[in-house]
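Everything in the sequence shown is counted per the numbering used here, starting at 9 for the first residue and increasing by one.
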Amino acid sequence: LAQNRITLIEPIPQLFYVRWWNNITHQLSQKMWSVLLITGIWLSSVLFILFIKNRKKWKFNGLLLSIIITFLIGAQLYNANIQENKVYGIILKEAKLFDDNINYQSSGNVDRGNKVLILNESENMFLVKLLDGQSGWVEKNRVKTLGIY
């Protein structure tokens with residue numbers, strides 16, 4: 009019933025590997041990803057020292073593998089940081105979406121009930137991104153933030 013009253017904005021579909029990467033990111037918290045990253049750095053350092061002392065092929069392969077895994081864990085930590093710091097909001101009243109240019113021309117209306125990602129804020133405006141990829145400025149009194157801001 010409520011779906012009929014709200015004009016929903018369809019989100020842009022994600023590619024399968026982006027969805028897969030984000031699902032892996034959500035398996036652990038940001039704190040756990042940082043512990044894994046530190047462990048990977050220590051492991052890479054130990055394998056590097058072992059390789060320098062005695063140059064064996066298996067030690068070199070282990071070193072390369074640990075460096076690659078450490079970089080992947082670092083990328084996951086970065087993605088987890090971005091995901092945890094996103095702030096969303098709900099449009100409470102129908103709002104005009106203003107462009108970034110100097111004229112502040114309206115680039116369309118956003119109906120109430122739509123979820124937006126808050127990218128930035130000024131004195132009385134939020135820079136928001138809609139689920140379909142459009143972005144623009146909306147008055148603060150028309151948006152209710154979700155979570156901690």
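The beta-carbon is built from N, C-alpha and C at its ideal position, and this holds for glycine as well.
Secondary structure of residue 104 (DSSP, three-state): strand.
Each of 128, 153, 152 was checked against the Cα of residue 144, and the nearest Cα belongs to 128. The Cβ atoms of residue 98 and residue 82 lie no closer than 9 Å to each other. According to the DSSP assignment, residue 154 belongs to no alpha helix (DSSP H) but to the beta strand (DSSP E) extending over 151-154.
With fewer than three CB-CB distances shorter than 8 Å, the segment 19-31 does not count as touching the segment 62-78.
In the three-state reduction of the DSSP assignment, residue 99 falls in the strand class, which pools E and B. DSSP links residue 128 through a beta bridge to 135. Listed as beta-bridge partners of residue 144 by DSSP are 136.
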